[in-house]
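Protein chains in written order, with the working numbering: chain A, 7 to 248; chain B, 7 to 248; chain C, 7 to 248; chain D, 7 to 248; chain E, 7 to 248; chain F, 7 to 248. The structure appears below as C-alpha cells.
6 protein chains.
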Amino acid sequence: MRIKVINPNTTAAMTAEIDESAQKAKEPGTEVVTVNPPQGPVSIEGYYDEHVAAVQVLGEVLRERDKFDAYVIACFGDPGLEGVREITDAPAVGICQAALQLASTLAPRFSILTVIPRVTVDIHRRVEEYGFSRFLASTRTTNLAVTEFSSNRQAGEKALLEAGRKAIIEDGAEALVLGCAGMAGLDKRMEQDLGVPVIDGVAAAVKIAESLVRLGKKTSKISSYKYPEKKEFTGMEKIWQP
Amino acid sequence: MRIKVINPNTTAAMTAEIDESAQKAKEPGTEVVTVNPPQGPVSIEGYYDEHVAAVQVLGEVLRERDKFDAYVIACFGDPGLEGVREITDAPAVGICQAALQLASTLAPRFSILTVIPRVTVDIHRRVEEYGFSRFLASTRTTNLAVTEFSSNRQAGEKALLEAGRKAIIEDGAEALVLGCAGMAGLDKRMEQDLGVPVIDGVAAAVKIAESLVRLGKKTSKISSYKYPEKKEFTGMEKIWQP
Amino acid sequence: MRIKVINPNTTAAMTAEIDESAQKAKEPGTEVVTVNPPQGPVSIEGYYDEHVAAVQVLGEVLRERDKFDAYVIACFGDPGLEGVREITDAPAVGICQAALQLASTLAPRFSILTVIPRVTVDIHRRVEEYGFSRFLASTRTTNLAVTEFSSNRQAGEKALLEAGRKAIIEDGAEALVLGCAGMAGLDKRMEQDLGVPVIDGVAAAVKIAESLVRLGKKTSKISSYKYPEKKEFTGMEKIWQP
Amino acid sequence: MRIKVINPNTTAAMTAEIDESAQKAKEPGTEVVTVNPPQGPVSIEGYYDEHVAAVQVLGEVLRERDKFDAYVIACFGDPGLEGVREITDAPAVGICQAALQLASTLAPRFSILTVIPRVTVDIHRRVEEYGFSRFLASTRTTNLAVTEFSSNRQAGEKALLEAGRKAIIEDGAEALVLGCAGMAGLDKRMEQDLGVPVIDGVAAAVKIAESLVRLGKKTSKISSYKYPEKKEFTGMEKIWQP
Amino acid sequence: MRIKVINPNTTAAMTAEIDESAQKAKEPGTEVVTVNPPQGPVSIEGYYDEHVAAVQVLGEVLRERDKFDAYVIACFGDPGLEGVREITDAPAVGICQAALQLASTLAPRFSILTVIPRVTVDIHRRVEEYGFSRFLASTRTTNLAVTEFSSNRQAGEKALLEAGRKAIIEDGAEALVLGCAGMAGLDKRMEQDLGVPVIDGVAAAVKIAESLVRLGKKTSKISSYKYPEKKEFTGMEKIWQP
Amino acid sequence: MRIKVINPNTTAAMTAEIDESAQKAKEPGTEVVTVNPPQGPVSIEGYYDEHVAAVQVLGEVLRERDKFDAYVIACFGDPGLEGVREITDAPAVGICQAALQLASTLAPRFSILTVIPRVTVDIHRRVEEYGFSRFLASTRTTNLAVTEFSSNRQAGEKALLEAGRKAIIEDGAEALVLGCAGMAGLDKRMEQDLGVPVIDGVAAAVKIAESLVRLGKKTSKISSYKYPEKKEFTGMEKIWQP
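Below you can see the structure in the form of C-alpha cells.
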C-alpha cells in the first residue's frame, strides 16, 4: 500500500516533521511518501493562503495520478480535500477530519489548539462540516505562527501545554487536538504532562487512510465527487485538463 | 462608485450576460466593470473547477487593487470570496449570499434552481454557512450544464420554469433563487409565469455591494479577514506576494 | 420611489433621529417619509410593548395603503413585520433583519449592542429566525433605556463604545450591530474609535428596501404572506377589515 | 384554583367548544372560566390576525388582573403568550406549547394537523421556539378554515382522520397533535380510529396550568418576563398603562 | 389512579425523600407508591451506574405489570425510560423530561444544578434529546455526591443556593432545575432565597403523569415504542421474556 | 495487539459471521477474539432489548479486564458503549460510530440500511450524538428481523440491494452503511452491484480500534469517562463492584 502525504505549504522543514510522524504511525507494509509543492505559501494561515495552496495540492495529486492508494492532506484546513476526492477515486483524508474522528471516540468534549486567532473561524467551519461542533469544547490559540512550531519546537511545546491546560480547566476539554500540521509529533509529551489524549492529525490521517485502503474502499463516484466534467481549462497545461 | 464584477470562469458569452444583468441593476452613478480571468475552467460545476477558479478570482482582484470600491463574484459557489475579503478592504459580495439575503426578505421558504446534481451538496454547504438552511425548501436541478444556459437561452428558461413549478407545488417554495450566474436575467419572465419572486444573484449582489459602499462600510480587518500575513509565496509572481 | 419608515413607538424625538439616518442613507431619487403612530408605548422594551406596537405599525401601513413602494420598520424587534408582509405586496424590511444581513457580508462574527437585559432573549429569537445565530458572537447590553439614547446622545455613545470594546476583546466580535433604532446615526463615530464595521439598522433597511424596489421585487403572495383571509374583524373600524 | 381560558378570536361558538374541552379536562377543585374578547378577528389564520388578536388577549388578562391563578391561551399560534407572561406572574400556558410537551412524552415523532397551508410556516416557528422540531414528523393541512371546524364538526372530523392517516403512513407520525383550538374535543374519536395518541391542546394546557398552580410555581420575573417597564402608553386607556 | 414512582438506585433514605415530594405533589384521588429495586448501585453518577440501574427499573415495571396507570422514573438521567415505554402502554415519565417541560413554561432560559462534573455531558445529551438545548443557560455542579444530598440536607441546600446564585448572575438563568432526585423537596426554600422558579423533577413528573392518565392518554404503540418483539431472552427468568 | 469483539446478543451464528468479518479486516499482527454473552436477547431490536444487552456487554468486559487492548461492540445500537468507556481505559469502539466515520470520508451523503421500522428513531439518535445528521440521506428498512440475516443470507442480501437502490435513486445517498451487525460481510457484493461504497461497521470498528491502539491512545479518564465512583452495587457479584 502506498500513501502520498501532501504538505500543502512549501516549507521543507515542516514536510520532514510531517513525514516523521507519518512514518511512525504507518503499518509495516505501508509505504508513505511525503512531499510539498514547489510553489505556494510557506505556511497557511488564512483564506488567501488556503485558496492558493489548494490548487498546489491538486497539482501534487495530478502529477502522479494512479501511483498511490490514498492521499493525506497534511494541513489542518484540509485545503483542496473535496477537489482531490473528485480527481481520484483513491481515498483522500484530511488531517482535520481524521483527528476529529479519532478524538470523538476517546472523549465526548475536546478542544483544538491552534496557531494565530485569524484561523479560528475557518476551523469552526470545518468542524461543523465534518459534524463535530457538538464535541468542541473550545479552540485555543497559541499566538505562534505556523513556522514557529518548526523553527522552535520547545517554544511551541510550551505554548501548547499552556493552551491545553487552560482548555482542560476552563473549557472542560477531555481530549486535545493539535490544530496544525506543524505540531506533528508533539502529542506524546503533552499526554504525559496533561493526562488526556492528544491527537496528532497526521498520524490519525495515516491510520484512516490505511483503514480505507485495507478494506478496499474508494471515494464515491456517483454524484458530488464524480470525476470533473469534461471541459476546457483555458490556458492551462495538459495535466489540469479533466 | 466603481464595482468590479468577476465572472470566475473563462466563457466570454457568459461574462456578457452577467454584465447585462449587472448594468440593469446598478444605480445611475455607479460604474460596473465585468470581467473574466484569462485562465481556468470554461464553467464551474464541482470542487475541482471551484478550487482552480478561486485563485483566478484572487488574481483579478490583485491585478487592479485599489481601483474599485467593491467586488462581486458572479458564480453561485462564490469561489474565492473569503480570500478576496482578506486581500482588500473593499466589500466583496458573492451572488449566492446576496441572493439568499434578498430572497429571505420576500418569502419564508424558497428553492434554489441549479444546473447538474453534483453541485447540490456544495450549494447546501454555502446555504448553511450563510445562515439560510431554515429558509431552504429544496434545491432543484435542471440537468443542464452551465454553458447550456448561455448557448440556448430558450431551453434554459424552459427547464427553469419546469423546475420552479415543481419547487412551488411539491416542495412549498414561496420564492425562487437562480442558482447559477449563467441564468442571469431570466428572473423577470419566470416571475410572470410562476407568480412568485425570482432572485437573480448578479442583480442582488450589485445592489448589496452598492449599499455597502454607499454607507461607507468596509470589510472588517480585525481578525478573520485581516490582510494576509507577510510571508513568501514560493515561486510565484510579485502580485501574489502579500 | 417612496419609502415609508415607521418608528413603532410614539416618541417624536426618536422619529426625527431615525429620519435623519434614513435621509442620509437613501439614493437621490428616493423619497423617504418617516412617521410614528399616534398611539402606543413611548418606547419598546419587552413583549408587551411589542405586541401593542405591532398593531400600531399595521395601522400605519393600512392608513395609506398603495402610496408607498416599500416599508421599513424602525425598531430592532421588527414588531409587526410578518403582518405587514401580509397586508401589502410592497417589500417590508425590518431594521434587525437588514442590519444582520449587511453585517454578515463584512465579518464572520459580530455582536449586537442593545439597551436593557430583558430584551436579550427576544433579540436572540429574531437572530435565529433570520438565520444569523452562527454569526452572533454576543449580545451586550448598555443598561440604558431606549429613550435615554435620544435624550442624552453623549451618554449613549459612551455606553455603546464601552460595550462594543468588550464585545471585540472578550467575545471575538469582528463587527458590531446597533440593536436599537434609538442608536441610529451613532455608527460612524464608533467605527473611528473601535476600528470595526458598525451597522446602523435604519440605514441598512433603507438600502435593502431600495434594492428590492429597484429590482422590481414584491413580497411573495403565494402562501405564508398571502393577503389576510376575508373575514370579519368584530367591532373594528373599516380600515382593519381585510 | 381559578383558570381563565382565553379564546383569542371573537367566535362564541368556538369559545363554547373550547370551554367544553377545558371543563372535561380540569380537576374537580378547579374553576375554569372561558372567554373571548369583544373585538378582533372571528378566526386566526395568519400573522395579521395574530397581531391583532394578541393585543385582545392582553386586554382579557388586564381587565381582570389578580382574579385568576393561571391563564390558558386557546389558539394554536399562542398569540400574546410572551406578553401575558410579562403582565402577570400567574402561569400562562399556550395550547401549542402544552400539546407539544404532552405529545413528546408519548411518542418520539408526531405530526400536527392544521387548517389552511398559510399557517404552516408560523407553526414551525413556534415548534422550533418550544424545542420540538426534532419530534416533528410533519404538519398536515386539512384545507378547512378555522370556523368550518365549529360549523361542521363532521366534515372537520373526516378531514382530520384523512390527514392523520396520511401523517402516520407517509410521514412516520406516531402521535398526532390537533393544531387548532377549533378542533378541541375531537381527539377521542380519532384515537379510536387511528390507534395513536391524539393530543387536544386545550385539555393539555389546562392540565399544565393546573400542575404549575398546584406546585406553587409562578412565571419568572427576573429578566425576560419582568413586569413591563413603567412608561407612558400614549393615547391609551388606563388599564393599558404599565 | 395509581402511579408507581421508581427510584432507580437502592438507597432507601433517598426513596423516602422522593416519596415525600411525590405525595405532596399528587392530587387527592391519586395513589402514589414509591419503590427502589433490590439490586444495583446505591447512587447513579455515570454511564455504568446508569446501564445497570436501567435494567433494575425495567424489572420494577415487569414485576407488577398492569397494576399501575403510570410510571415515574425518579433519577435525573431517566435510566430505562425508553425501555419502559416499550414494555407497558401506561405513560412513563422521567423526572428530567418533566422538569424541563415545566421550567420552559416559566422562563426562557434556565440552568440545571447537579452533583459531580462527570454527569454534565450525559445531562446535556438528555436535554438535547428532549428538545431543551435552546433553553439551557448552563449546568452548574455542586461537587457533592448524590448520597450527600440525603445524608446532609443542610450542606446540600447550601451548595445548591451557591450554584443557583452563580447560574442566575453569571449565566443568565431565569429559573433553576434540580438535576438529581436526591434534591427532591429543596425547591421551596431556594425559591424564597433566590427569587426565581425552582423545579423539583419528582413533583413535576407526578403532575405530568397524572395529567396524561387523567386525559386518558397511552404511550404510542405503533412503532418505536411497540411491545418488544417476541423472542427468547437466553438464560433469563420468565418475567423478562417478551 | 488483542481486540475483543463483543456481539451483544446471544446468537452464536451471528457471532460467527461477525468474527469472520473482523478476522478479514484486522492487520496480521492483531489477535481478534469474538464472543457473545451467555445471557440476554437473541437479537436486539428495540430499547428493551438494548437495555438488557448493554449490561451483558459490560459483563463481557469486566470478566476479562486488562486482557485486551481495545473492545468493539458489534451491534448497530452500540449498547453499553459509554459504560465500557468508563470501566476500562482501553479504547472502546461501536460499529455504528466507526461506520459513520469511515462513510463520511468517502461521500458527503449516505443512507443507513436497517432491519425493522421500530429501530429507526433510535438509530437517528445515535447518528445525531456522533455528529453525522448532516451526512444522513435516509434510513431505509428492509423489514427483515435481525436473525433473518443470519438464517437466510440470500434473502438478506436481496432486501439490502433493493433498499440500497432506493436510497441511491430516491434519497440521494452516495454511500451506504450496513445498519446491523447481522449484515456483516455483505458489503462487497453490494458495492459491485450498486457502484457506491458500502460500509460494514464490524470491519470499520476493527480498523478504528487498531488505529487507536497503534497510536497508543487511551480513553480519556479526566471526567465523563472516569472509572465509576467507588460505591456499593447492592446484591451484585464482586466483578460488578467498582
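Just so you know, even glycine gets a beta-carbon here, dropped at the ideal spot from N, CA and C.
DSSP lists B:Arg-8 as the bridge partner or partners of Glu-37 (chain B).
With a threshold of 8 Å between beta carbons, Arg-131 (chain D) makes no contact with chain F.
Ile-129 (chain B) is bridged by DSSP to nothing; it lacks a bridge partner.
At a cut-off of 8 Å, the C-beta of Lys-223 (chain F) has a neighbouring C-beta in chain A.
Along the segment 41-54 of chain A, the positions whose C-beta sits under 9 Å from a C-beta of chain B are Pro-43, Pro-44, Gln-45, Gly-46, Pro-47, Val-48, Ser-49, Glu-51, Gly-52, Tyr-53 and Tyr-54, read in chain order. At a Cβ-Cβ threshold of 8 Å, Leu-106 (chain D) and Gly-86 (chain D) do not count as neighbours.
The beta carbon of Cys-81 (chain F) sits closer than 6 Å to the beta carbons of Pro-14, Ile-50 and Ala-187 from its chain, once the five residues preceding and following it are set aside; these are given in chain order. The C-beta distance from Leu-108 (chain B) to Lys-223 (chain C) rounds to 7 Å, short enough to meet the 8 Å contact threshold.
Contact between Cys-102 (chain C) and Gly-191 (chain C) does not hold, since their C-beta atoms are separated by about 17 Å, which reaches or exceeds 8 Å.
Here Asp-128 (chain D) has Gly-52, Tyr-53, Glu-56 and Gly-83 as same chain residues with Cβ atoms under 8 Å from its own Cβ, once five neighbours each way along the sequence are excluded. Contact between Lys-213 (chain D) and Ser-217 (chain E) is confirmed by a C-beta separation of about 4 Å, below the 8 Å threshold. The beta-carbon of Arg-159 (chain D) is placed no less than 8 Å from the nearest beta-carbon of chain F. Between Leu-184 (chain F) and Ile-205 (chain F), the CB-CB gap stays under 8 Å. In this structure, Phe-116 (chain C) sits near Ala-143 (chain C), with a CB-CB distance shorter than 8 Å. In this structure, Arg-140 (chain E) sits near Gly-137 (chain D), with a CB-CB distance shorter than 8 Å. Arg-146 (chain B) sits in a strand when the DSSP states are folded into three classes. Residue-level contact by beta carbon holds for Glu-238 (chain D) and chain C, with a gap shorter than 8 Å. At least 8 Å separates the CB of Val-58 (chain F) from every CB of chain D.
Within 10 angstroms of the beta-carbon of Lys-194 (chain B) lie fewer than 16 other beta-carbons, which makes it exposed. A distance below 6 Å between beta-carbons, with the five flanking residues on each side excluded, links Gly-46 (chain C) to the following residues of its chain, in chain order: Thr-16, Val-58, Ala-59 and Gln-62. Residue environment: Ala-161 (chain B) is assigned as exposed (fewer than 16 neighbouring CB atoms within 10 Å of its CB, all protein chains considered). Residue-level contact check: Arg-171 (chain B) does not touch chain D, since none of the beta carbons of chain D fall below 8 Å from its beta carbon. For Asp-55 (chain B), the secondary structure class from DSSP, reduced to helix, strand or coil, is helix. Judged by DSSP secondary structure, Gly-207 (chain B) falls within the alpha helix (DSSP H) whose first and last residues are 207-220. Non-local C-beta neighbours of Asn-149 (chain C) in its own chain, meaning closer than 7 Å and more than five positions away in sequence, comprise Ile-122, ordered along the chain.
Runs of the beta strand (DSSP E) spanning 3 or more residues and lying entirely within the segment 66-102 of chain C occur at 76-79 and 98-100, in chain order. For Ala-181 (chain C), the beta-bridge partners assigned by DSSP are C:Phe-116.
Along the segment 78-104 of chain E, the positions whose C-beta sits under 9 Å from a C-beta of chain F are Pro-85, Gly-86, Leu-87, Glu-88, Gly-89, Val-90, Arg-91, Glu-92 and Ile-93, read in chain order. Annotation: Ala-187 (chain F) is outside any alpha helix (DSSP H) and is labelled neither H nor E by DSSP.
Annotation: Pro-34 (chain E) has no Cβ neighbours in chain C at a cutoff of 7 Å; minimum Cβ distance is about 37 Å. Against chain E, a Cβ distance below 8 Å from Met-242 (chain F) picks out Gln-45, Gly-46 and Val-58. Assignment of Gly-170 (chain E) by DSSP, reduced to helix, strand and coil, places it in the helix class. DSSP, read as helix, strand or coil, puts Phe-138 (chain E) in coil.
Secondary structure of Thr-17 (chain F) (DSSP, three-state): coil. Annotated three-state conformation of Gly-162 (chain D) is helix, per DSSP.
With contacts defined by Cβ atoms closer than 8 Å, Ala-104 (chain E) and Phe-74 (chain E) do not form a contacting pair.
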